[in-house]
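Visitor:
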Amino acid sequence: MTDATLPALLESAGLTGRGGAAFATHVKIAAATHAGADLIVNLCDGELGAAKDGWVVTHHLPEVVAGASLVTSRRGRRIRYAAHRGSATASRLAAAGLDVLEVPARYVSSEETALVSLAHGHLARPMTKRDRFVSGGRDSAGHTIEPTVVLNAETVWRVAQIADRGAPWFRSFGTAAEPGPRLVSVSRSRPSGMPPLPASARAREDEHLGHFVPRAERDGGTCRARGESPASARARQNAHLGHFDSPIVLETEAGVPVSELLRRGGIPDDHGAILLNGLGGAFLTATEARGALWCGAGLTAYGTGIGPGVIHALDPRGCPLAWVRDVLAWAGGESAGQCGPCLFGVPALARDWAALVASPTPELLAQVRSRVALLPGRGACRYPDGVAGFAASALRVFEADLVAHRSGRCAGGIPVDRPITSERKAHAGV
Amino acid sequence: MPVSEQVTQRELRIDRVACSGHGVCASLLPQRVRLDEWGYPILAGPHPSDHDGERAIRWCPARALYWAPTPG
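From first to last, the protein sequence lines stand for chains A and B. Residues in the first sequence are numbered from 1 upward in steps of one, following the numbering used here. Residues in the second sequence are numbered from 1001 upward in steps of one, following the numbering used here.
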């Protein structure tokens, strides 16, 4: 295949990036070929609840390698495979003799430009996009960045499939606007108060149905907002992250009902709210999820889309506000710490959210809303934008829970840490 | 055609990694830039003239302001 024919083929297939941004792959590949860019295949499963990159490595690694060599048809272009340090994916890639770029297991580390920075020997932190790094450029400190293109693992696998089976085969899946077969990761929170499983059972269960358990549920379901040291917060956040490990990965296509994906993912019908696309995504109520189609047109009203293909079901008996609080507490520590509005803004949002959950006054609600409004568009990457969208949609979907917390109870029937007394109510104007 | 007429479609942007919150931009471009509670710029309001934008770029202590082509 020549340099020109692959982009034309991918354009007729309508392949878009499977990492979440859904950028037209043929445009990226044509620019990369023109610039002679090195390739980084992103296998980090960086979004909360994502597992499809690992699935692709386990089941289709030879095709990923074939796709990567198609993308870098000219000689002398380096191909690296990025995976979280110490992950099963990194081991599998190394065992296959591939050039592995080991990435710190932090949320922003697998952002496109963070990988490019890491590949140049700098920290795995997002770069300001003064230039399009597919053609090369400079980072904020003035270091030269060689032309580099980053493609998601599933995208590269699809390239090989399209080269093998053709564009009409690809377009026989999905919708006209979002063609092609797709992977989705489905997971759920474990019921509140459930004791930890023995390690052997956990490993077995995680193999089939990955769970992550917010602290509030692990601690027996209280909504207690407690002060804690940064060290214990870090330990807790690490523990928290560990439970996002291995959701079920399904092969599907755009346009199917979200409820069908939940059913195939083994989610019981009485699930709580649904989080689509993790920390960069948005919530749907259980009722909304029952009626929604999994496609851009079906999900845009909720503030998300197909994105990186992550579906997470909350437990109906847990407190969703506390769940969001724990995720935001973790998110505050996941900022790369480079851009002030994110470095200070995300932890401030997390603090105010925790206060709001414990004691939902109109003042705190307004404060949370103003924090959310100030995050978007003010970082080198879209991390603060994603967190803002996550929090904004939580405010919408869990409004009834906030009202319940105001009267000292939450919808999950869990006692709130600081019920508002009539005296404090009068003071706060509730 | 003079160079300035070829590059009219541009806007002033902030390199958020380089920005360290000195706030000079808010003093020089009060119509366009205000500061959040930590001193980091918030862009809102009318775009500055080329002259004012150039001046802010020159005086930013972190060299965090730059011109970029207007998207679209």
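Cβ atoms here follow ideal geometry from the backbone N, Cα and C, with glycine treated the same way.
#1: Can you have a look at A/T113 and say buried or exposed, based on whether 16 or more other CB atoms are within 10 angstroms of its CB?
#2: Give me the DSSP bridge partner(s) of A/V41.
#3: How would you call B/L1065, buried or exposed, if buried means at least 16 neighbouring beta carbons within 10 angstroms?
#4: Which same chain residues, not among the five before or five after A/A350, have their C-beta less than 8 Å away from its C-beta?
#5: Any beta-carbon of chain B closer than 8 Å to the one on A/G280?
#6: Hey, A/E63 and A/A160: beta-carbon distance below 8 Å or not?
#7: Using 8 Å as the threshold, is the stretch 132–144 of chain A in touch with the stretch 98–105 of chain A, meaning 3 or more CB pairs across them?
#8: The beta strand (DSSP E) spanning A/F283 covers which residue range?
#9: Could you please tell me which residues of the stretch 128–151 of chain A, in chain order, have their CB closer than 7 Å to any CB of chain B?
#10: Could you tell me the alpha carbon to alpha carbon distance between A/A96 and A/G54, rounded to whole angstroms?
#11: Go through its chain and collect everything with a Cβ distance to A/V150's Cβ below 6 Å, but skip five positions before and after it.
#12: Is it buried or exposed, A/T144, if we count other Cβ atoms within 10 angstroms and call 16 or more buried?
#13: CA-CA distance, A/A177 and A/G298?
#14: Going by alpha carbons, who is nearest to B/P1030 out of B/D1015, B/R1016, B/C1019, B/D1052?
#15: Do you know whose CA, among A/R317, A/T155, A/P268, lies nearest A/K52's CA?
#16: Say whether chain A places a C-beta atom closer than 8 Å to the C-beta of B/V1033.
#17: First and last residue of the alpha helix (DSSP H) that includes A/T175?
#18: Measure how close the beta-carbons of A/G36 and A/P147 come, nearest whole angstrom, since I'm counting them as under 8 Å.
#19: Taking just the CA atoms, how far does A/F173 sit from A/E11?
#20: At least one CB of chain A closer than 8 Å to the CB of B/D1015: is that the case?
Guide: In this structure, then:
#1: Here residue 113 of chain A refers to the residue found at position 113 of the first sequence. Flag for A/T113 reads buried.
#2: Locating residue 41 of chain A in the first sequence gives position 41, counting from the first residue. Partner(s): A/Y81, A/L151.
#3: Position 65 of the second sequence, counted from the first residue, corresponds to residue 1065 of chain B. It counts as buried.
#4: Reading the first sequence from its first residue, position 350 is the one you call residue 350 of chain A. Here the set comprises R325, L328, A329, A331, G332.
#5: Your numbering for residue 280 of chain A matches position 280 in the first sequence. Chain B contact via Cβ: absent.
#6: Your numbering for residue 63 of chain A matches position 63 in the first sequence. Your numbering for residue 160 of chain A matches position 160 in the first sequence. Closer than 8 Å, so yes.
#7: no
#8: Locating residue 283 of chain A in the first sequence gives position 283, where the first residue counts as 1. Element bounds for A/F283: 282–284.
#9: T128, R130, S140
#10: Translated into positions along the first sequence, residue 96 of chain A becomes position 96. Translated into positions along the first sequence, residue 54 of chain A becomes position 54. Roughly 14 Å separates the two Cα atoms.
#11: The count along the first sequence starts at 1 and reaches residue 150 of chain A at position 150. Around A/V150: I40, N42, E112, L115.
#12: Here residue 144 of chain A corresponds to residue number 144 of the first sequence, with the count starting at 1. The residue in question, A/T144, is exposed, as its Cβ has fewer than 16 Cβ neighbours within 10 Å.
#13: Taking the first residue of the first sequence as 1, we reach residue 177 of chain A at position 177. Taking the first residue of the first sequence as 1, we reach residue 298 of chain A at position 298. Between A/A177 and A/G298, the C-alpha separation is close to 12 Å.
#14: Numbered from its first residue, the second sequence carries residue 1030 of chain B at position 30. Checked all of B/D1015, B/R1016, B/C1019, B/D1052; the closest Cα to B/P1030 is B/D1052.
#15: Residue 52 of chain A sits at position 52 when you count from the first residue of the first sequence. Among A/R317, A/T155, A/P268, the Cα nearest to that of A/K52 is on A/T155.
#16: Taking the second sequence and counting its residues from 1, one reaches residue 1033 of chain B at position 33. Taking Cβ atoms only, chain A never reaches closer than 8 Å to B/V1033, which makes this a no.
#17: Counting from one through the first sequence, the residue named residue 175 of chain A turns up at place 175. Element bounds for A/T175: n/a, residue is neither H nor E.
#18: Within the first sequence, the letter at position 36 stands for residue 36 of chain A. Within the first sequence, the letter at position 147 stands for residue 147 of chain A. Between A/P147 and A/G36 the Cβ distance is about 6 Å, and since that is below 8 Å, they are a contact.
#19: Taking the first sequence and counting its residues from 1, the one referred to as residue 11 of chain A is at position 11. Taking the first sequence and counting its residues from 1, the one referred to as residue 173 of chain A is at position 173. About 15 Å.
#20: Your numbering for residue 1015 of chain B matches position 15 in the second sequence. At least one chain A Cβ lies under 8 Å of B/D1015.
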